[in-house]
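Input: a single structure, listed below in structure tokens.
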Amino acid sequence: MKRPPGIQRKLAFLAIPNLTVAVIAVQAVVWVAAQLDPNVLPGLALDGAKLRAGEWWRALGFLMLPPASNPLFLFFAFYLLYLMGTALENAWGAGRYTLFWAIGWAASVAVALLVPGGYLTNAYLVGSVFLAFAFLYPDFQILLFFILPVKVKWLALLTWLSYGFVVFVGVGAGDWNGPAMVAAATLNFFLFFGPDVVRRVRGGHRQMQRKRAALAEAGEPFHACSVCGKTDLTDPEADFRYARVGEETRCFCEEHLPGP
């Protein structure tokens, strides 16, 4: 995502340099305080009912909640946030990066105030930072728990699937708190990356069409049933599906598609 000319100057009034470092430092202090007094953390969560009752500090306090209680997991979470946040700030500039956080913060507070039972931590907001990083650097590889190498695009896919599950379950149960939290968590992402997402989807569709055309010109089928040999050239109206058979993925026409 390219930064428009002059955007850094226009957003200079918003800029909080080294915002990620500041967030981590405050969360570390709160973690230490929570070890001394466990009541610290519940008093900072973004509880909509208590926020409406006048506990205004929760609107900012939830940003200070540490991501984990275990010291090892806390260090790992801080390391990832520092890595991702500084990369985004370097790519966008401090003003644009601060705006990204501000939109996520405002959306989270709005959900807490407007949705019955609204109760949030900063997990979804930090999750949006991860999704932005994964969109810009999909092939960046991290050592999960310092052991397992994995590309962030696969972790992002799991995150999107989990968000979709939360929305599906919430809508099905008539509970809008979960879907609203997902909406708040992804609003800043789609405001920043919406046009890029559309272009990627369209580009992938056009690439598939070009591949189809190239295969057709070469007289090669795009789909071929592995059972009967029927292809999209010999039977253009046929539908084809792909399924796992043992260790390989095979193509089948509808007539020979294996059952579940």
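First residue of the sequence shown: 761, per the numbering used here; consecutive thereafter. Glycine residues also receive a C-beta, built at the ideal position from the N, C-alpha and C atoms.
Beta-carbon spacing of residue i, residue j below 8 Å
i: LEU811; j: ALA872; result: yes
i: MET844; j: PHE906; result: no
i: PHE822; j: LEU891; result: no
i: LEU825; j: LEU804; result: yes
i: PHE860; j: ASN948; result: yes
i: GLY724; j: GLY887; result: Past the edges of the chain, shown from 761 to 1020, lies residue 724, and the structure says nothing about it.
i: LEU745; j: TRP914; result: With the chain running from 761 to 1020 in the structure shown, residue 745 is simply not present.
i: THR858; j: ALA945; result: no
i: GLY923; j: VAL910; result: Looking at the sequence itself, residue 923 is Tyr, so the reference to Gly does not match. For TYR923 and VAL910, no; Cβs fall outside 8 Å.
i: CYS985; j: PHE952; result: no
i: PRO981; j: ASP999; result: no
i: VAL869; j: ALA916; result: no
i: VAL889; j: LEU848; result: yes
DSSP-derived helix/strand/coil call for residue i
i: VAL987; result: coil
i: THR919; result: helix
i: ILE776; result: coil
i: ILE902; result: strand
i: LEU896; result: helix
i: LEU993; result: coil
i: ALA828; result: coil
i: LEU1017; result: coil
i: GLY934; result: coil
i: ALA813; result: coil
i: PRO939; result: helix
i: LYS762; result: With a pLDDT of only 48 at LYS762, under the threshold of 50, the placement of this residue in the model should not be trusted; the figure read from the coordinates follows. Looking at LYS762 - three-state DSSP - the assignment turns out to be coil, as it is neither helix nor strand.
i: PHE949; result: helix
i: PRO981; result: coil
i: VAL957; result: helix
i: VAL875; result: coil
Range covered by the alpha helix (DSSP H) that runs through residue i
i: GLU849; result: 831-852
i: LEU804; result: Premise fails: LEU804 is in no alpha helix (DSSP H) and is neither H nor E.
i: GLY821; result: 818-821
Extent of the continuous beta strand (DSSP E) run through residue i
i: LEU881; result: Checking the sequence, you will find Thr at residue 881 rather than Leu. Note, THR881: premise wrong, no beta strand (DSSP E); not H, not E.
Bridge-paired residues (DSSP) for residue i
i: TYR1002; result: CYS1011
i: LEU908; result: LEU904
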